[in-house]
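Undergrad: Structure below; questions to follow.
In this note's numbering, the protein residues as written are 12 to 437.
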């Protein structure tokens with residue numbers, strides 16, 4: 012019989028993830044009956060006996076296999092902590108993964124995962140464009156370790172570039188692929204199923220490349236990469252999962268074997284999040300579906316307004332992908348919703364974009380995304396400032412581009428603010 016705190020169904024009918032966010036993985040009777048998990052603000056945990064401590068460390072260091080039903084006991088909060096364990100249990104439910112790992116930032120999730128699988132001399136596929144911090148790590152850190160990065164373009168069918176990519180690999184080992192879809196900041200898509208099949212075709216008898224999907228833009232609600240062949244899902248939990256712009260965190264979700272390796276690397280890199288972070292994210296998961304749904308509905312109104320505005324040259328929003336677009340079928344296959352991230356090009360380049368941004372009164376001028384408040388930024392000079400000018404132009408990160416993360420305010424008020432900001436452009 013399933014214990015109440017790990018219940019996934021009632022009367023044989025499966026519970027939805029948003030329902031399980033309320034109690035899954037937590038037994039109140041182990042914490043004085045507290046309905047919400049306490050914050051376990053401790054660095055270390057007491058063992059009942061020396062023998063128990065020895066057994067815990069044997070598992071932590073991989074010195075032996077687990078016995079049937081045996082769990083890794085609590086040792087030290089760099090390895091595990093009750094708040095983080097409950098959070099990790101709950102995060103597996105959205106993406107139907109075997110296990111999850113929480114990190115102290117989204118970049119920590121990305122870098123720890125890459126260090127787990129990539130070795131000197133390996134090839135790493137990555138999609139372009141990607142978040143500026145990810146791009147910098149790939150181009151300026153991994154390159155120092157002798158890793159060759161090969162770009163997969165977003166927004167075009169893989170079949171058209173597959174031959175060139177294979178030729179570029181040569182005979183080298185393909186370690187992994189890090190794919191960001193939708194892409195930041197252009198919303199360009201990558202076909203997860205096609206990329207997973209392609210990357211896995213480089214498997215050997217003793218190695219299979221890991222396909223990692225940065226799913227931050229669509230969050231756990233609107234896209235589920237593991238169902239399309241990916242091995243690992245990565246999130247900046249700072250964004251939609253946290254949802255209130257008050258916590259920095261990252262999360263990885265995947266299969267048991269993959270996650271065991273990542274958690275081992277996390278232990279020794281020290282990229283584990285703390286209990287307060289875990290508690291905040293558990294709080295936020297309870298309202299994740301409501302928040303993301305409200306934001307998505309607002310974004311549809313806002314995108315329609317932008318598409319009709321005479322000072323807007325182009326709108327990048329998934330809800331505007333039309334039949335006949337090369338990514339239309341990809342969108343229908345892997346995205347359950349267009350989400351709430353919009354980027355748009357203002358006529359007049361950087362000067363006009365800055366005048367618009369400086370005039371905003373309700374929408375905040377700030378980087379990040381996915382919070383309850385609407386945020387706008389200028390990718391070319393902010394989040395993607397590290398890209399050289401020609402590369403930015405090639406990828407559509409032009410001087411007039413503005414990225415807008417739509418919040419939960421009333422959509423009419425957001426549109427009114429955007430209207431007066433457009434009027435401020437000289």
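Ideal Cβ placement from N, Cα and C applies to all residues, glycine included.
Quick caveat: nothing in here was measured; it's all calculated off a predicted structure.
So, for residue 310: in the same chain, excluding its five sequence neighbours on each side, which residues have a beta-carbon less than 8 Å away from its beta-carbon?
TA: For residue 310, where only same-chain residues beyond five positions count, the Cβ hits under 8 Å are 328, 330, 349, 350, 351, 352, 353, 417.
Undergrad: Quick one: what does DSSP say residue 383 is sitting in, helix, strand or coil?
TA: The answer is coil: DSSP assigns residue 383 none of H, G, I, E or B.
Undergrad: Decide if residue 74 is buried, meaning its Cβ has at least 16 other Cβ atoms within 10 Å, or exposed.
TA: Looking at its Cβ environment, which holds fewer than 16 other Cβ atoms inside 10 Å, residue 74 is exposed.
Undergrad: Report yes if the C-beta distance between residue 210 and residue 196 is below 8 Å; otherwise report no.
TA: The answer is no: Cβ separation not under 8 Å.
Undergrad: At which residue ranges does the stretch 233–321 contain complete alpha helix (DSSP H) runs of 4 or more residues, listed in the order of the chain?
TA: Qualifying alpha helix (DSSP H) stretches, in chain order: 267–280, 286–296, 299–318.
Undergrad: Tell me whether residue 228 sits in a helix, a strand or coil according to DSSP, three-state version.
TA: Residue 228: coil per DSSP, three-state reduction.
Undergrad: Quick one: any contact between the stretch 246–262 and the stretch 271–279, if contact means 3 or more CB pairs under 8 Å?
TA: In short, these stretches do not touch, since the Cβ pair count stays below three.
Undergrad: I want to know whether the stretch 330–347 touches the stretch 285–293 - three or more CB-CB distances under 8 Å.
TA: Contact between the stretch 330–347 and the stretch 285–293 is absent, because fewer than three Cβ pairs lie under 8 Å.
Undergrad: Cutting at 7 Å between CB atoms, please list the residues of its own chain near residue 383, excluding the five before and the five after it.
TA: 254, 255, 302, 418, 419.
Undergrad: Rounded to whole angstroms, what is the Cα-Cα separation between residue 409 and residue 194?
TA: If I take the Cα positions, the gap works out to 15 Å.
Undergrad: Measure the Cβ-Cβ separation of residue 136 and residue 123 and say whether it is below 8 Å.
TA: For residue 136 and residue 123, no; Cβs fall outside 8 Å.
Undergrad: Using only the alpha-carbon positions, how far apart do residue 25 and residue 161 sit?
TA: Cα-Cα distance, rounded: 42 Å.
Undergrad: Are the beta-carbon atoms belonging to residue 64 and residue 397 less than 8 Å from one another?
TA: It is not a contact, given that the beta carbons lie outside the stated cut-off.
Undergrad: For the alpha helix (DSSP H) that contains residue 155, what are its first and last residues?
TA: Segment: none, residue 155 is in no alpha helix (DSSP H) and carries neither H nor E.
Undergrad: Would a C-beta distance cut-off of 8 Å place residue 16 and residue 36 closer than the cut-off?
TA: Yes, these two residues count as a Cβ contact at 8 Å.
Undergrad: Between the beta-carbon of residue 116 and the beta-carbon of residue 190, is there less than 8 Å?
TA: In this structure, residue 190 does not lie closer than 8 Å to residue 116 by Cβ.
Undergrad: I need the boundaries of the alpha helix (DSSP H) containing residue 365, first residue and last residue.
TA: Residue 365 -> alpha helix (DSSP H) spans 360–370.
Undergrad: Strictly by DSSP, which residues pair up with residue 215?
TA: According to DSSP, residue 215 bridges with 218.
Undergrad: With a floor of 3 residues, list each beta strand (DSSP E) that falls wholly inside the stretch 68–126, ordered by position along the chain.
TA: Qualifying beta strand (DSSP E) stretches, in chain order: 110–114.
Undergrad: Taking the alpha carbon of residue 263 as the point to measure from, which residue in 103, 49, 68, 51 has its own alpha carbon closest?
TA: The shortest Cα separation from residue 263 among 103, 49, 68, 51 belongs to 103.
Undergrad: Straight-line CA distance for residue 179 to residue 89?
TA: Rounded to the nearest angstrom, the two C-alpha atoms are 40 Å apart.
Undergrad: Could you give the first and the last residue of the continuous beta strand (DSSP E) run that contains residue 408?
TA: Premise fails: residue 408 is in no beta strand (DSSP E) and is neither H nor E.
Undergrad: Assuming residue 428 and residue 372 are in contact, meaning their beta carbons sit under 8 Å apart, how far apart are those beta carbons, in whole angstroms?
TA: Sure, about 5 Å apart at Cβ, within 8 Å.
Undergrad: Identify which residue in 387, 312, 55 has its Cα closest to the Cα of residue 376.
TA: Per the Cα distances, 387.
Undergrad: Residue 295: which of 268, 86, 39, 249 sits nearest, CA to CA?
TA: It is 249 whose Cα lies nearest to the Cα of residue 295.
Undergrad: Could you tell me the distance, in whole angstroms, from the CA atom of residue 168 to the CA atom of residue 174?
TA: Each residue's Cα considered, the two are about 12 Å apart.
Undergrad: Leaving out five residues before and five after residue 159 in sequence, what residues of the same chain have Cβ atoms less than 6 Å from its Cβ?
TA: Same-chain partners within the cutoff: 134.
Undergrad: For residue 58, name the three-state secondary structure that DSSP assigns.
TA: Looking at residue 58 - three-state DSSP - the assignment turns out to be coil, as it is neither helix nor strand.
Undergrad: DSSP three-state call for residue 179: helix, strand or coil?
TA: Helix, per DSSP.
Undergrad: If residue 108 sits next to residue 265, beta carbons under 8 Å apart, how far is it from one beta carbon to the other, in whole angstroms?
TA: Going by Cβ atoms, the distance from residue 108 to residue 265 rounds to 5 Å, so yes, they are a contact pair.
Undergrad: Under the three-state reduction of DSSP, which class applies to residue 24: helix, strand or coil?
TA: Residue 24 falls in the strand class under three-state DSSP.
Undergrad: By alpha-carbon positions, which one of 204, 247, 228 ends up nearest to residue 236?
TA: Among 204, 247, 228, the Cα nearest to that of residue 236 is on 204.
Undergrad: Could you pull the start and end residues of the alpha helix (DSSP H) that residue 423 belongs to?
TA: From DSSP, the alpha helix (DSSP H) with residue 423 extends over 422–434.
Undergrad: I'd like the list of long-range same chain contacts for residue 228, defined as Cβ closer than 7 Å, with 5 residues on each side in sequence excluded.
TA: Excluding sequence neighbours, residue 228 sits near 193, 195, 350, 352.
Undergrad: Check this for me: beta carbons of residue 106 and residue 244, under 8 Å apart or not?
TA: Against a cut-off of 8 Å, the Cβ pair of residue 244 and residue 106 comes out as a contact.
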